[in-house]
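Trainee: Chains as they are written, first to last, in this note's numbering: chain A, 1 to 411; chain B, 1 to 411; chain C, 1 to 411; chain D, 1 to 411. Take a look at the following structure, please.
This is how it looks when you write it as structure tokens:
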């Protein structure tokens, strides 16, 4: 029988930047018996989901729900809109932007990868002027799409998508704008329609608080039109059969029924808390987390205060310290999972997730484990990060006594 | 909050040929908290799954586990082994064989679709001699793969895969053999290695008793070699990055963690009952189901006794009766889901699933609902199918008193 | 780890007259994390339960919720209202009435046990005239309470409580009326206030569909007054500290938090279906069950058609057949639990439960298993009981097409 | 539907001294379908529980499992061994000792309540010499039982039971020794047999990590003999019918089936971790908690270092601070439940639970919330308790690197 007991006692603290901790309500919803995905009960569920997922993307346009990881939704975005050999302008914010570029290559596209040079490029967000400049040069409009990552999960850097939109517009370039919001959706303010995004890619296991297994493409009219001419082979990822089936609440092939139960519950939770309050809560937690890192005297991976991620914080180690050894010690001794440094950042930093179903105390616990692990790893610390986060939370609470206070529902 | 209560009281009977009823053990396993898919605890789980899934396919070769529906695994089989424009010989056993062919076309392959003519072709299994004949004609070996469905879910016809293998061999043709076992795996005897299959496609929501969301490719050395020359674009479905990650128990992108919990539990259940006993149980249930249909005086969709499916039984309606109306009445009045007739069979028949976590009484309940629904639909019945199934079960039990008897474990 | 796998595959059919099958919604609700039973969230839950449990008893008076089995609630009724040596008139309807009398003796009361003589007394309900006669003789009002069982779980006989009330009134006797509704509450119409009952005893694991562990005392003003003079020692069962704590939604000692979650869910389900519809559904199922027993040519334990239980049916075996052997065979071969004959009925009969979260198909499955088991036990059967139940259900459905039809909620 | 969402996001931290947080494994086990409590599968479960609960009490004698709260088990201890008017020597360690005395009075016993005077009596453990002195005076052996609380949940004081045993022996007094271990069982070393305890009372919702609803009496031969002469009325609590039923694995009335599932899982967890390691873990956590309180400059309720509880720590507020206001603020602002001061301690202190399924990080989170709440309540703090606990944990880990390290099971 399944046993997940590497640690003998107590709850595991999952503070990686996704999968985020799945709330009990979602786990319970997900464990309802599987029903007939062609029956009327499923249809009612499907129609509800297709309708209520839209406000999460701030869109009135269709949202495709795939049974796959977010990686699958990247593929969906590309194969529905592009043809073999098409040029794609992709911006290197970090590891996941890099993986998306690799995918584009594997699919036979010609990605052009721009960004600030060296490791420093991974410490800042998308530079819209670089995009504008490159597009202006592209007089013949060979570039068919611009692909950027809203919140780069590998670094904790959030880019300004509206500025990217404006950059494209300023260049008067017809390229599609595709945005990866896998780790920002339902955590960081995002506006598919208002910002003129053509394909928004997302996943289930971050702000939506689901286990992995579901992914999304929110699509614009322009993207749907692009699909008609797009020649990359596609079948599983093809939008149109899904949209057709979705009209009555179904999918063309067997959907991920039990994860859809969890999605339904997630939408209830988020819409009940209020999307704007969800965003504000993520910001509050991230401010406290950065206060801790600063107090330790360690560097935050993101070095542009405008681009700090509300979702995760990358903590850089002093030279000579292997971040993975610190993470391993913390995992083994304190039952906490942190995110590893990836790609260029491997061994240099670890990532603290503070997204989804997170609150002050889970973050305080995570920071405590980090502080104890750093001490045990003999990393010199300027002062207590835990104390700094504590002070930040106290200040936040004092500023707004009404905020985040228990919800005294009367039955 | 999630409510699945179209029927006010009592348990829903899910007797479609998949998703099959998910046992409580699996639902509970699936509702454990999501863990870090890069952590050591996940690695232990991953290594266990990658090892123990193999005996289910009767293979010592690698099995790819995808986060997708079975449809995705169809795509995985094709894009890993074939190049644009390749000819593929596909055999029309029914609706799902037809959908697979459509996928091949969408992906830019040239499927050639053979089979017995008309509706009767949907009532029999693969005719190996037709395959042998066609391959013999293909002197230049333009055909790169032969694709067949082991158990055609839309009809309840099980084909003889060993005979297909022999047909290919008799034609001395190098085509790959690809087999869809989506609705037969872990329910009907199947031997990937012994039968020389190159790619076996399967899914989670049938014999494995999981919810939908996981799918499989079992692959041969020959298939892995074919991949090297295959030119269809592939990224999500690409076997090699998965096999590389799997070596240490991980996946290249976020796997479907909670469904993998359920898979672990499923493997425990199946390997504990014993795969051969699982197969025997499915046969016993199918014999009783067909006894009922014969007693009613209705036709079984499959008209070749050698090809009767142990997994589901297609029940044909007399002309003038809309099978979907009967199904709807049964759903509404008796809280039972049956499978619809699909494609050419639409409205002509319904399908009774008797697979996965099924036993005598769930089948008796299903047959009771069918009998009541047929009576209420004014379908003339020769005699009671329920009584016939009852007599069959009594005869089975008398023949082997030891069989299926409660397992008196002493604590 | 917990394994409940005496039968290898398929769902167990629990058709005993309690515990009844617990719906998934309740199991999921019950598995939410335990909260502080002194915190504000618990208080909101407590207030809701204390309010909404009342309509289930059809009372506006307080209902005590105990953490115990129904047996505990029997004790609660006696120790709160009576003094050592008090006479109590108890009516022997069957095994549970007998156990209640034994409890009264153990507690130092003087129960007088009346009823029709011999085994036949267990086949009929309470005879109100016997109660009236006895009370009229009791000129000095030595009898302090009349105790009867509404639905005798051991026999499947439902007594007329209003007639008992009238009998007491006709004798102008001040005795308290105490009624055991453990197996009738929320399944059979029952009216605590209208029928002038002083203490109604009940439990969780029957009509309320919960697991065992919670029990009830609904109490009248007269009972509360009797408590003041009652001298039996009491502490755990004492009503008054509970009523005092209940005023704010709490309990004086740690309540059964997770079962209270399930109770909350149960109240939602029952009040949503509608209590009267719940009663009607139980009657429909019981009519079909008795049709089956009659078709088999077997005797129903209850021999008064006015007293047939909507909750369970006792099936008598022909002489020479050991009912427990039949039950054992059915359990082992067909994965169905039936109730045993108890006390005087041991070995003579088995009991089919059709209560709580039951529907037509679970009953058809149960009857199929009984029929197969009876055949395998060589019990001569007149005709098919399954066919008779089938015909009854078809007739019921035809009579009222609207009834029990799926609830087409539009999302 | 059940909603427990007074706080919008993130996990609730339940750090009261019981109910302790219920591990996911237990919640999942508890949500399996209820089975027939008279069937063979239940019997196997029952036999297992009756056997494996004994080592938890360190006894080879029978352990009674009641369906009730711990309060019920107090009543069980008294009514099985004593007669109306019997004298009982009870020691006042705190609120729960006081409640037990009140129960004894309600049941018609004559409890004599001794202890150190005033509030200071609530800050120390049982004084064995006071018991010895009193018993020596009792030449006629009017005192039938000595009742003490092992771990006083209201104060965080653990008494030395072996010393109490020796005190009774030194007085050569035949009184029964009854011990309440409700909040110490499976958390603090306890030895029913070795220490010569006659009745050990316990509950499910503390060290056993279950929800409330099950309680225990471990009993000695002497206690069973006392039962024969004991005249308090008893029925639900009567040991003998339970012991008789238990011989085959059953209970005389319907047991709390689903909580017994959780008990089975709990025994697996505890026996797998090892009882002595469980005790050591509780000690480690309590040392860190007290380090925090000392650092704050606040007083620990228990003022005898020999009697510090490994299970909970009482934190006294400076005069003028209402501890309940602090608790309320922490609950509302930080989603953490703490225990209130009870009885004489009301408003003076709050209690931090660190028992059951607890680990370093849950305690760090709890201490963080306390520290933030104290600051927001303007309670002057000497220094950071969180930092002190951090240092203590680091020191513990450094002392024993092997200890508490992740359990690298290879699959």
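Cβ atoms here follow ideal geometry from the backbone N, Cα and C, with glycine treated the same way.
#1: So, helix, strand or coil for residue 147 (chain D), using DSSP?
#2: Whose C-beta lies closer than 6 Å to the C-beta of residue 195 (chain C) among residues of the same chain, with five residues either side of it excluded?
#3: Under the three-state reduction of DSSP, which class applies to residue 275 (chain B): helix, strand or coil?
#4: Closest to residue 306 (chain B) by C-alpha separation, out of B:316, B:287 and B:66, would be which residue?
#5: Would you give the residue range spanned by the beta strand (DSSP E) that residue 414 (chain C) belongs to?
#6: When DSSP labels each residue in this structure, what does residue 110 (chain D) get in the three-state scheme?
#7: Taking DSSP's pairing of strands, which residues face residue 217 (chain D) in a bridge?
#8: Going residue by residue through the segment 287-375 of chain B, where are the continuous alpha helix (DSSP H) segments of at least 4 residues, counting only ones entirely within it?
#9: In this structure, how does DSSP classify residue 88 (chain C) when only helix, strand and coil are distinguished?
#10: By Cβ distance, which residues of its chain are closer than 6 Å to residue 74 (chain C), with the 5 residues on each side in sequence left out?
#11: Figure out for me which residue from A:197, A:167, A:152 and A:176 has the closest Cα to the Cα of residue 182 (chain A).
#12: Check the Cβ of residue 266 (chain C) against every Cβ in chain A and list those closer than 8 Å, keeping chain order.
#13: Taking DSSP as the reference, what is the three-state secondary structure of residue 381 (chain A)?
#14: For chain D, is any of its Cβ atoms less than 8 Å away from the one on residue 233 (chain C)?
#15: Taking C-beta pairs closer than 7 Å, name the residues in chain C that residue 24 (chain A) reaches, listed in chain order.
#16: When you compare the segment 247-255 of chain A with the segment 351-371 of chain A, are there three or more beta-carbon pairs, one atom per stretch, that lie closer than 8 Å?
#17: With H, G and I counted as helix, E and B as strand and the rest as coil, what does DSSP make of residue 179 (chain A)?
#18: For residue 13 (chain A), list the residues DSSP reports as bridge partners.
#19: What residue from D:76, D:377 and D:226 has the CA that sits closest to residue 237 (chain C)'s CA?
#20: Am I right that residue 309 (chain C) and residue 158 (chain C) are in contact with their C-beta atoms under 8 Å? What's the rounded C-beta distance?
#21: Do three or more CB pairs link the segment 220-227 of chain C to the segment 106-120 of chain C at distances below 8 Å?
#22: Given a cut-off of 8 Å on the beta-carbon distance, is the pair residue 397 (chain D) and residue 333 (chain A) in contact?
#23: Of the residues that make up the segment 370-384 of chain C, which ones have a beta carbon closer than 8 Å to any beta carbon in chain B?
#24: Going by the CB atoms, is the gap between residue 357 (chain D) and residue 117 (chain D) shorter than 8 Å?
#25: Comparing alpha-carbon positions, which option in A:98, A:85 and A:54 lies nearest residue 71 (chain A)?
#26: If you follow the alpha helix (DSSP H) that residue 133 (chain A) is in, where does it begin and where does it stop?
#27: Take residue 127 (chain B) and list the residues in its own chain whose beta-carbon comes closer than 6 Å to its own, dropping the five residues that flank it on each side.
#28: Does the beta-carbon of residue 66 (chain D) have 16 or more other beta-carbons within 10 angstroms, so that it is buried, or is it exposed?
#29: Kindly say whether residue 44 (chain C), judged by its beta-carbon, lies nearer than 8 Å to any beta-carbon of chain B.
#30: In chain D, what lies closer than 7 Å to residue 75 (chain C) by C-beta?
#31: Could you check whether the Cβ of residue 190 (chain B) sits closer than 8 Å to any Cβ belonging to chain D?
#32: Where does residue 194 (chain C) sit, in a helix, a strand or coil, going by DSSP?
#33: What residue from D:15, D:52 and D:2 has the CA that sits closest to residue 414 (chain C)'s CA?
#34: What residue range does the alpha helix (DSSP H) around residue 413 (chain A) cover?
#35: Taking the DSSP output, what are the residues bridged to residue 157 (chain D)?
#36: At 8 Å on the CB atoms, spell out the chain A contacts of residue 14 (chain B), in chain order.
Mentor: Put simply:
#1: strand
#2: 161, 162 and 165
#3: helix
#4: B:287
#5: Any question about residue 414 (chain C) goes unanswered here, given that chain C covers just 1 to 411.
#6: strand
#7: D:64 and D:201
#8: 323-334
#9: strand
#10: 100, 103 and 201
#11: A:152
#12: By Cβ distance, chain A contributes nothing, its closest Cβ being about 16 Å from residue 266 (chain C), past 8 Å.
#13: coil
#14: yes
#15: 32 and 33
#16: no
#17: strand
#18: A:336
#19: D:76
#20: 5 Å
#21: no
#22: yes
#23: 371, 372, 375, 376 and 384
#24: no
#25: A:98
#26: 128-137
#27: none
#28: buried
#29: no
#30: 235 and 236
#31: no
#32: coil
#33: The requested residue 414 (chain C) is not part of the displayed model; chain C covers only 1 to 411.
#34: The structure shown does not extend to residue 413 (chain A), since chain A is modelled only from 1 through 411, so no value can be given for it.
#35: D:152 and D:308
#36: 33, 34, 35 and 36
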